[in-house]
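Chains as they are written, first to last, in this note's numbering: chain A, 64 to 176; chain B, 4 to 117. Where is the CB? At the ideal position from N, CA and C, for every residue including glycine. Contents: one structure, followed by commentary.
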Amino acid sequence: AQSVTQLGSHVSVSEGALVLLRCNYSSSVPPYLFWYVQYPNQGLQLLLKYTSAATLVKGINGFEAEFKKSETSFHLTKPSAHMRDAAEYFCAVTALGRRALTFGSGTRLQVQP
Amino acid sequence: GAVVSQHPSRVICKSGTSVKIECRSLDFQATTMFWYRQFPKQSLMLMATSNEGSKATYEQGVEKDKFLINHASLTLSTLTVTSAHPEDSSFYICSARDNLDTQYFGPGTRLTVL
């Protein structure tokens, strides 16, 4: 079985500040991990993914995430927040041979001017 | 990147009618597509896995006779909500899986049942 826990349903940062969105996973097999962003009334857009290659993954819009097996974590970071980053962010897990994604509960990011 | 479309983006219907939602992968072939449901301010819940040329696999608690899924080609899956009721009102999102195990999501369909 696989699961994802996103700590903090709401995160608020100031424009220009560091963004850190937390994701911890549970998986009995080597995981594939994803971060998606959702803007209001829209579908999900893939930010980045980890599929057993480099542990530090760079994605779109300046985001990156680091896979830490010892901590079972895949936290999402961005050095400097922008107003357009305000959205809902979902961490998800799957595995080779599995096909469905298991999503975390999501974190709403607010960016204050 | 890969593009997935959904149609319609928004639909309002009367209780008791059926609604069909289309999901298309525009620039890649997808043997597997997924249908999710999202309630306001909540995460996505997998409803079913749609496999091209075979029957869909439904998650526990999802009524297969109410949510009919057809995956007739490698680029098209449809979800039909039969005899819709107000409690079926939700945001329905599909995704298509490419050959690298990445899922690309459609823009979603907002269903409102009056």
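Asked                                                                                                                                                               : Found
For the 8 Å Cβ check, are there 3 or more pairs between the region 7-27 of chain B and the region 112-120 of chain A?                                               : no
If the cut is a Cβ gap below 7 Å, which residues of chain B does A/Ala-163 touch?                                                                                   : Phe-37, Leu-49, Thr-52
Go ahead and pull the three-state DSSP assignment for A/Pro-176.                                                                                                    : coil
Compare the Cα-Cα distances from A/Leu-109 to each of A/Ser-133, A/Val-76, A/Phe-153, A/Ser-66 and report the closest residue.                                      : A/Phe-153
Just the C-alpha distance for B/Thr-34 and B/His-74, rounded to the nearest angstrom, thanks.                                                                       : 9 Å
Starting from A/Ser-91, trace the beta strand (DSSP E) both ways and give me its first and last residue.                                                            : Element bounds for A/Ser-91: n/a, residue is neither H nor E.
Looking only at its own chain, which residues have a Cβ that is under 7 Å from the Cβ of A/Ala-150, when we skip the five neighbours before and after it?           : Val-100, Gln-101, Tyr-102, Leu-172
Run down chain A in chain order and give the residues with a C-beta less than 9 Å from the C-beta of B/Thr-105.                                                     : Tyr-95, Phe-97, Leu-109, Lys-112, Thr-114
Taking contact to mean at least 3 C-beta pairs separated by less than 8 Å, is the region 35-42 of chain B in contact with the region 94-105 of chain B?             : yes
Along chain A, in chain order, which residues have C-beta atoms closer than 8 Å to that of B/Ile-96?                                                                : Gly-106, Leu-107
Would you report the Cα separation of B/Ala-51 and A/Thr-157, rounded to the nearest angstrom?                                                                      : 15 Å
Taking beta-carbon pairs under 9 Å, can you tell me which members of the region 62-81 of chain B lie near chain A?                                                  : Glu-62
If we define contact as Cβ-Cβ less than 8 Å, is B/Ser-46 a contact residue for chain A?                                                                             : yes
So for A/Lys-132, helix, strand or coil by DSSP?                                                                                                                    : helix
If distances are taken between C-alpha atoms only, which option among B/Ser-92, B/Ser-76, B/Leu-71 comes closest to B/Thr-85?                                       : B/Leu-71
Do you know whose CA, among A/Ala-155, A/His-145, A/Lys-132, A/Lys-131, lies nearest A/Asn-124's CA?                                                                : A/His-145
What in chain B is Cβ-close to A/Phe-153, meaning under 9 Å?                                                                                                        : Ser-46, Leu-47
Which residue wins for smallest C-alpha separation from A/Leu-107, given the options A/Gly-160, A/Gln-69, A/Leu-164?                                                : A/Leu-164
Given this structure, state the Cα-to-Cα distance separating B/Phe-108 from B/Ala-5, to the nearest angstrom.                                                       : 9 Å
Pull up the distance between the alpha-carbon of A/Gln-175 and that of B/Ser-28, whole angstroms please.                                                            : 36 Å
Compare the C-alpha of A/Leu-84 against each of A/Leu-139, A/Glu-127, A/Pro-93 and name the closest.                                                                : A/Leu-139
Count the other CB atoms, across all protein chains shown, that sit within 10 Å of the CB of B/Leu-47; report buried if there are 16 or more and exposed otherwise. : buried
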